[in-house]
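Residue numbers for the sequence shown follow the UniProt record's numbering, so the first one is 1 and each next one is one higher.
Below is one structure, written out as structure tokens; comments come after it.
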Amino acid sequence: MYPEPTVSELFRELIGLVVYELLNLFFWSIVVTYLREFRVRGSFNVPKDGPVIFVIAPHHSQFFDGAVVMTTIRETGRRPAFIIANKSYQLKFIGGLAKLMQAIPVERAQDVMKPQSGKIRVDPHDPYKLIGEGTKFTHDVEVKGLIGLPGGSGTASVESIEDDTHLTLRKPFTNSNPKLQAKADLLLAEGTSYKAAPHIDNHQVFENVFKHLAQGKTLGIFPEGGSHDRPDLLPLKPGVAIMALGTVATQLQAGITNPKPVKIVPMGLNYFHAHKFRSRAVVEFGTPITVTKEMAEDYILNSRDTTSKLLSQITYAMKEVVVACKDYDTLVALQAARRLFTSAQRESIPLPLVMEMNRRLIRGYEEHADEPDVIKLKRDVIAYNKRLMRLGLHDHQVESLTETNKIATLANLIGRFIKFFTFASLCMPGTIMFAPVFILGKIISQRKARQALAASTVKIKANDVIATWKVLVALGVAPILYVFYSVIGCYIISLYHIEPLASCPTVVQFVVCYAFALLITYSSLRFGEVGVDYYKSLAPLFISLVSSSFGTKIITNLQRDRRNLSDQVQSFVAKYGPDMFDDFDQFYREYNGVSDYEVVAKPRPSPSDTSLRTHLTGSANAFGLDNLSDVQIWSNPAPKDDDSDDVDEASTPEAASVTGKDHHHQLANGGDGDDEESNLRRRINKHHDMITNSMTYYS
1 MYPEPTVSEL
11 FRELIGLVVY
21 ELLNLFFWSI
31 VVTYLREFRV
41 RGSFNVPKDG
51 PVIFVIAPHH
61 SQFFDGAVVM
71 TTIRETGRRP
81 AFIIANKSYQ
91 LKFIGGLAKL
101 MQAIPVERAQ
111 DVMKPQSGKI
121 RVDPHDPYKL
131 IGEGTKFTHD
141 VEVKGLIGLP
151 GGSGTASVES
161 IEDDTHLTLR
171 KPFTNSNPKL
181 QAKADLLLAE
191 GTSYKAAPHI
201 DNHQVFENVF
211 KHLAQGKTLG
221 IFPEGGSHDR
231 PDLLPLKPGV
241 AIMALGTVAT
251 QLQAGITNPK
261 PVKIVPMGLN
271 YFHAHKFRSR
281 AVVEFGTPIT
291 VTKEMAEDYI
301 LNSRDTTSKL
311 LSQITYAMKE
321 VVVACKDYDT
331 LVALQAARRL
341 FTSAQRESIP
351 LPLVMEMNRR
361 LIRGYEEHAD
371 EPDVIKLKRD
381 VIAYNKRLMR
391 LGLHDHQVES
401 LTETNKIATL
411 ANLIGRFIKF
421 FTFASLCMPG
431 TIMFAPVFIL
441 GKIISQRKAR
451 QALAASTVKI
461 KANDVIATWK
471 VLVALGVAPI
481 LYVFYSVIGC
491 YIISLYHIEP
501 LASCPTVVQF
511 VVCYAFALLI
521 TYSSLRFGEV
531 GVDYYKSLAP
541 LFISLVSSSF
551 GTKIITNLQR
561 DRRNLSDQVQ
571 SFVAKYGPDM
581 FDDFDQFYRE
591 YNGVSDYEVV
601 AKPRPSPSDT
611 SLRTHLTGSA
621 NAFGLDNLSD
631 VQIWSNPAPK
641 DDDSDDVDEA
651 STPEAASVTG
661 KDHHHQLANG
671 GDGDDEESNL
681 RRRINKHHDM
691 ITNSMTYYS
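In structure tokens:
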């Protein structure tokens with residue numbers, strides 16, 4: 001069907017493979033440096049040969065996701081090319097790497113939007129109609145193109161153009177963000193400037209993809225489009241379904257009676273605080289979806305329904321490998337419920353099991369969210385979480401609070417503090433040496449996050465760009481720092497005649513100094529991690545030490561409430577879990593490390609008549625091999641709902657009201673909690689903050 005590759009093409013491919021392996025090693029070093037813990041699950045699901053499309057979501061860390069994906073897939077023996085936005089493809093550093101990785105660029109309408117003359121307003125009697133003032137729609141706008149409002153408050157596709165001052169939209173301007181929707185409504189009512197993007201022809205992109213897959217190669221794609229920091233998946237674009245179906249259908253139309261089936265492998269990226277240095281991640285491969293000859297035949301006859309059906313299958317498969325929830329409040333509450341459910345041996349539970357438990361709790365909650373006991377449980381867990389936040393504690397520290405002998409507690413606290421101080425001192429040289437990278441990385445990443453947030457209609461805080469820019473800044477600044485320190489080292493060696501290096505050539509001195517600088521920073525990194533762990537253990541000891549009679553009462557009540565909540569969560573799991581998961585008992589034993597479920601769990605009630613029901617909705621326009629240019633692979637409309645693993649509660653909009661400056665203001669004035677809790681917290685605040693400030697660079 002496609003011509004055999006020439007010798008020169010084979011040679012370029014060989015060179016590309018060598019470069020690919022070198023870049024993979026480079027990306028691996030980035031991943032293991034940025035992430036403290038990195039686990040892979042389900043790699044046996046990746047086919048060893050044949051065309052494969054890796055469908056990757058959620059896209060929570062912009063370019064850093066690509067490094068994680070490459071590092072993970074490389075261990076399976078496959079080498080995927082990636083679909084990448086042409087805007088990123090044109091960047092010097094990112095684009096250069098993408099070209100070496102044989103990435104396939106695709107244009108996005110939102111990336112080529114340009115300001116146009118005149119102003120637009122919506123027809124007050126028809127939200128589909130736009131009226132222009134001083135506009136030139138017939139010249140500046142295209143049918144099937146996009147109209148964009150200022151400030152990223154909305155986009156809409158053009159259905160038809162009547163004249164220079166009148167056009168019709170396919171759908172009215174809508175936005176899931178109420179503030180942006182209100183802004184868009186106001187702008188359109190009063191009249192506003194606008195941007196326009198032409199219709200993007202993606203036909204050649206699909207042809208390149210079909211050829212790539214027909215040769216038995218692999219492809220990686222983020223079907224949500226751009227990166228985001230929402231707690232749920234964005235609606236998947238139909239491009240991934242068309243690529244798979246179109247590859248097989250093209251072979252059939254070329255007369256191949258036994259075409260190669262395309263495997264679609266769902267790949268979930270689950271980060272624990274992705275925007276923070278030394279965070280954790282779990283990558284999970286799901287069961288492959290096989291696009292067969294029969295599906296391709298259906299696609300040729302009825303592209304719309306076949307595409308929609310496959311897209312629904314992909315969406316369901318992705319839900320099985322990611323932790324996604326409709327809103328942050330619920331996600332935070334369910335993560336707290338998981339901690340309450342967990343046995344005392346929490347530190348021994350592998351990350352993949354933690355992620356799976358989160359996923360099961362989310363599914364159970366969404367299935368039974370309207371049950372009275374579930375509503376009460378969520379309310380109680382949220383209230384418990386707020387009490388912990390006011391006291392500055394984590395759930396795992398509650399049971400370690402004690403009212404035992406003050407002298408023993410003081411001795412333990414002093415011992416822990418000495419260990420913390422020792423490791424903090426050991427990490428200080430590298431921290432000072434690497435401080436410019438930390439400072440610049442934080443400043444630049446936050447600036448880029450603000451820019452990305454202003455230009456997006458789907459981001460919440462734009463945390464998805466922070467990790468990328470921290471890594472990019474480190475890659476640019478760290479080598480310069482190491483060279484600077486190495487030059488200083490060579491000068492000191494020469495000045496003080498430090499043997500045996502003084503007798504060595506300057507190049508050798510430079511290499512030794514460079515390696516020594518690397519060793520210092522890496523050692524400081526490891527020492528710092530241990531120091532942070534000791535620091536986190538100080539708070540419960542300090543609270544136990546300074547607690548007076550009223551403080552002891554608070555601790556006792558908090559521990560009692562935790563035990564009651566834990567019983568409620570156990571009852572919730574025992575009541576609804578067996579009907580939803582066939583492996584319920586086996587998973588419970590594995591998760592909590594027990595041998596007999598009946599010994600540990602509460603007696604469960606009679607099984608409910610309810611069962612897990614999966615509701616999938618999928619829609620796609622009418623697609624076929626003859627109109628692939630109409631498909632917007634990367635366009636990213638705002639999702640309909642505010643639909644990762646452990647998110648940072650303080651990073652959510654809802655939690656912001658009880659953290660930061662607002663939180664300290666509440667504490668100073670009693671807040672919304674009881675006075676005893678506020679008084680206790682104020683007593684330890686000063687000492688706690690002194691330690692916290694010394695460790696802020698880890699965030």
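Every residue gets a Cβ at the ideal spot worked out from N, C-alpha and C, and that includes glycine.
Round the Cβ separation of residue i and residue j to the nearest angstrom and send it over; I've been treating them as touching at under 8 angstroms.
i, j, result
"M433", "I520", "6 angstroms"
"R359", "V323", "5 angstroms"
"M357", "Y591", "6 angstroms"
"I289", "I314", "7 angstroms"
"S43", "T76", "5 angstroms"
"V248", "P259", "5 angstroms"
"A67", "F27", "4 angstroms"
"L245", "L311", "Between L311 and L245 the Cβ distance is about 10 angstroms, and since that is not below 8 angstroms, they are no contact."
"G50", "G151", "Not a contact, Cβ separation roughly 46 angstroms."
"F423", "F527", "5 angstroms"
Looking only at its chain, what residues have a beta carbon closer than 8 angstroms to the beta carbon of residue i, apart from the 5 residues adjacent to it on each side?
i, result
"N24", "M70, T71 and R74"
"R36", "R278, S279, R280 and E529"
"G145", "A109, S157, V158, A196, A197, P198 and H199"
I need the DSSP call for residue i, collapsed to helix, strand or coil.
i, result
"T174", "coil"
"H203", "helix"
"A502", "helix"
"P198", "coil"
"I161", "strand"
"H497", "coil"
"G148", "strand"
"I444", "helix"
"T192", "strand"
"E677", "Its pLDDT being 49, under 50, E677 is placed unreliably by the model, and the measurement read from it follows with that caveat. Here E677 sits in helix by DSSP."
"R560", "helix"
"L472", "helix"
"L236", "coil"
"H228", "coil"
"A435", "helix"
"T138", "helix"
Excluding the 5 residues flanking residue i on each side, which residues of the same chain have their C-beta closer than 7 angstroms to its C-beta?
i, result
"L558", "R387 and V398"
"L161", "Note on identity: in this sequence residue 161 is Ile, with Leu being the wrong assignment. Taken in chain order, the residues that qualify are F137, T138, V141, V143 and L167."
"S523", "G430"
Quick check on the burial criterion: 16 or more other C-beta atoms within 10 angstroms. Buried or exposed for residue i?
i, result
"N669", "With a pLDDT of only 35 at N669, under 50, the local geometry of the prediction cannot be trusted, and the value read off the model is given with reservation. The residue is exposed, with fewer than 16 neighbouring Cβ atoms inside 10 Å."
"A189", "exposed"
"E4", "exposed"
"N64", "Sequence inspection shows Phe at residue 64; the Asn mentioned does not correspond to that position. Looking at its Cβ environment, which holds 16 or more other Cβ atoms inside 10 Å, F64 is buried."
"S494", "exposed"
"residue 748", "Missing from the structure shown is residue 748; the chain here goes from 1 to 699 and no further."
"F11", "exposed"
"Q62", "buried"
"I15", "exposed"
"Y496", "exposed"
"R338", "buried"
"I543", "buried"
"P124", "exposed"
"L130", "buried"
"Y491", "exposed"
"K171", "exposed"
"E107", "buried"
"T218", "buried"
To which residues of the same chain is residue i closer than 6 angstroms at the C-beta, ignoring the five residues directly before and after it?
i, result
"A462", "A449, A452 and L453"
"A98", "I84 and Y89"
"D672", "Residue confidence for D672 is low, a pLDDT of 41 falling below 50, so the modelled location carries little weight; the figure read from the coordinates is stated next. Same-chain partners within the cutoff: there are none."
"V40", "T72 and V283"
"I382", "A333"
Report task. Enumerate, from N- to C-terminal direction, the unbroken alpha helix (DSSP H) stretches of 4 or more residues contained entirely within the stretch 277-308. Result -> With a minimum length of 4 residues, the unbroken runs of alpha helix (DSSP H) contained wholly in the stretch 277-308 fall at 293-301.
Query raised in the report: Along the chain, which unbroken stretches of the beta strand (DSSP E) at least 3 residues long are found entirely within the stretch 78-132?
Result: With a minimum length of 3 residues, the continuous beta strand (DSSP E) runs that stay inside the stretch 78-132 are 81-85, 104-106 and 119-123.
Query - Entirely enclosed alpha helix (DSSP H) segments - the stretch 313-396, minimum 4 residues - result: 328-341, 351-368 and 372-391
Query raised in the report: Which ranges would you report for the beta strand (DSSP E) in the stretch 2-78 if only whole runs of at least 3 residues count?
Result: 35-41 and 52-57
Query raised in the report: At which residue ranges does the stretch 248-280 contain complete beta strand (DSSP E) runs of 3 or more residues, listed in the order of the chain?
Result: 262-272
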